[in-house]
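So the sequence shown is residues -17 to 154, counted in our numbering. Heads up, the thing below is written out as structure tokens.
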Amino acid sequence: AIDLITPSNEELIPSLEALNFSWESPGGNALSIDYTLTLAYNDPEENSPSSSLENPNNLVMQCVITSSETTAPLPDQSYSFFQLTNMECENNLSFECGKEYVWKVEAEEGEISDCPECSWNSESPIRTFVFGAITEGTYPINITVDTVLPEFMWDGICSDAQSYEIWVDDNP
-17 AIDLITPSNE ELIPSLEALN FSWESPGGNA LSIDYTLTLA YNDPEENSPS SSLENPNNLV
43 MQCVITSSET TAPLPDQSYS FFQLTNMECE NNLSFECGKE YVWKVEAEEG EISDCPECSW
103 NSESPIRTFV FGAITEGTYP INITVDTVLP EFMWDGICSD AQSYEIWVDD NP
């Protein structure tokens, strides 16, 4: 089986810079292994994370990565999000702050030098992670201020946010 390392299950990933996919190879005597990394939005309307992965509307990225003795060591694989975007991957690449995503890796062993008919397939368990977080609680909240220029503060947990929306109401 393939052991997924990062992101760990239910991990909070604050930014694209922090998004790194790594796993341990299932091993074997292959000269090459083809890995298929699949990443999808975990749609709460789906029955399970696996059905979210199977629904093409949820697909964020699917990438086939060939690892061979000449390109990389076979045992461990590690790819940053930015490395993956530079590869030829089928992708939609849209992440939303505070949303949960699912990922898995499938491996297919290529040709074995001593036994061409001895190839195998392996699949990882499905893992989830949350990208960024919706910031709860800002100052001022549910209070009346005596200024026309109140100062709003919050922790910028989703560092890739392009903008923020502030709602102000005169009826607390």
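Quick reminder that beta carbons are idealized off the backbone N, C-alpha and C, glycines included.
Proximity test, residue i beta-carbon vs the ligand ZN heavy atom, cut-off 7 Å
| i | result |
| --- | --- |
| T18 | Ligands in the displayed structure: none, and consequently the ligand ZN is not present. |
For residue i, the nearest candidate out of the options (CA to CA)
| i | options | result |
| --- | --- | --- |
| N24 | M43, Y146 and P8 | M43 |
| S4 | S106, E133, W149 and N73 | S106 |
| S50 | T126, A89 and S(-10) | A89 |
| N39 | N(-9), T110 and N73 | N73 |
| I(-5) | F77, L41 and I15 | F77 |
Residue i versus residue j - alpha carbon distance
| i | j | result |
| --- | --- | --- |
| I108 | W102 | 20 Å |
| V46 | T129 | 57 Å |
| V87 | I(-16) | 7 Å |
| K81 | F134 | 24 Å |
| Y146 | N37 | 30 Å |
| V84 | E91 | 24 Å |
| S7 | L13 | 13 Å |
| S62 | M69 | 11 Å |
| T48 | P26 | 32 Å |
| S104 | I148 | 48 Å |
| L131 | D151 | 15 Å |
| C71 | Y17 | 12 Å |
| L19 | E(-7) | 18 Å |
| D66 | V112 | Here the sequence assigns Leu to residue 66, which means Asp is not the residue at that position. Their backbone Cα atoms lie some 19 Å apart in a straight line. |
| C79 | T(-12) | 19 Å |
| A22 | Q59 | 20 Å |
| V127 | N(-9) | 42 Å |
| L(-14) | T110 | 11 Å |
| L41 | L35 | 7 Å |
| G114 | I15 | 32 Å |
First and last residue of the uninterrupted beta strand (DSSP E) at residue i
| i | result |
| --- | --- |
| S49 | L41 to S50 |
| L21 | S14 to Y23 |
| R104 | For clarity, residue 104 is Ser in the given sequence; the question names Arg instead. Residues N103 to E105. |
DSSP beta-bridge partners of residue i
| i | result |
| --- | --- |
| D128 | Paired residue(s): none; D128 is not in a bridge. |
| V112 | L(-6) and E82 |
| V87 | L19 |
Opening and closing residue of the alpha helix (DSSP H) in which residue i lies
| i | result |
| --- | --- |
| E36 | P31 to E36 |
| F64 | F63 to T67 |
8 Å Cβ cutoff, residue i in contact with chain D
| i | result |
| --- | --- |
| T18 | Absent from the structure is chain D; it holds one protein chain and no more. |
Would you call the region 31 to 39 and the region -6 to 5 touching, i.e. three or more CB-CB distances under 8 Å? no
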